[in-house]
Every structure is written in structure tokens, then in C-alpha cells.
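What follows is one structure encoded as C-alpha cells, with my remarks underneath.
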Amino acid sequence: MCGKTVDMKAVLDSNNQVIGVECSTVGIEAFFQENNIEYAITNDKYKTYKVYFVGSKISILVVIV
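Read in order, the letters of the sequence shown are residues 606 to 670 in the working numbering.
See the structure below:
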């Protein structure tokens, strides 16, 4: 679970890659908005998951339940 933890921002600021898994989009979208980070989203064709990404620096898989 990564949500909107401050650890993600610290890892990103240290120029490392963030890879996470989450079960809700709420925290992730709040994290991006609160930190003014532009992101993109891809979906699988069955809409069972979304991947939020910021270039090659952040990749977060969200499983839709």
C-alpha cells in the first residue's frame, strides 16, 4: 500500500524510482494533486487494474475490486 505516504515523495526527491501497489485510487490521486505532479493512467482491457505513472520515475498498480 502506498497511497499518499510521505515516503514516496522522499524517495522521488532523492532521484530514485517509486514502484507501488494499491487497492484504491483515492490516496494516489490525492498524492499527485497535493504535490503538483502530472501523471498519466493506463487501463487493462478488462478494467481490472490501472497503472498510474510519471515517466519512468513512478509506477503504481491499482487493482480495481
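Ideal Cβ positions, reconstructed from N, Cα and C, are used throughout, including at glycine. Note that this is a predicted model, so its numbers are computed, not measured.
* On the DSSP bridge assignment, give the partners of Asn-664 in chain order. => Counting from 1 along the sequence shown, the entry for residue 664 is found at position 59. It should be noted that the sequence gives Ser, not Asn, for residue 664. Paired residue(s): Ile-624 and Phe-658.
* Assign Ile-624 to buried or exposed, taking buried as 16 or more other Cβ atoms, counted over all protein chains shown, within 10 Å of its Cβ. => In the sequence shown, counting from the first residue as 1, residue 624 sits at position 19. With fewer than 16 other Cβ atoms within 10 Å, it is exposed.
* Asked: If you check the beta carbons only, do Tyr-657 and Ile-646 fall under 8 Å apart?
  -> Residue 657 sits at position 52 when you count from the first residue of the sequence shown. Residue 646 sits at position 41 when you count from the first residue of the sequence shown. The Cβ atoms of Tyr-657 and Ile-646 sit closer than 8 Å to each other.
* Asked: Anyone know if the C-beta pair for Ile-669 and Lys-652 falls short of 8 Å?
  -> Taking the sequence shown and counting its residues from 1, the one referred to as residue 669 is at position 64. Taking the sequence shown and counting its residues from 1, the one referred to as residue 652 is at position 47. Their beta carbons are under 8 Å apart, which means Ile-669 touches Lys-652 by this criterion.
* Asked: Which two residues bound the contiguous alpha helix (DSSP H) that contains Ile-633?
  -> In the sequence shown, counting from the first residue as 1, residue 633 sits at position 28. First-last of the alpha helix (DSSP H) with Ile-633: 630 to 639.
* Asked: How would you call Cys-607, buried or exposed, if buried means at least 16 neighbouring beta carbons within 10 angstroms?
  -> Here residue 607 is taken as the residue at index 2 of the sequence shown, counted from 1. When all chains shown are included, Cys-607 counts as buried.
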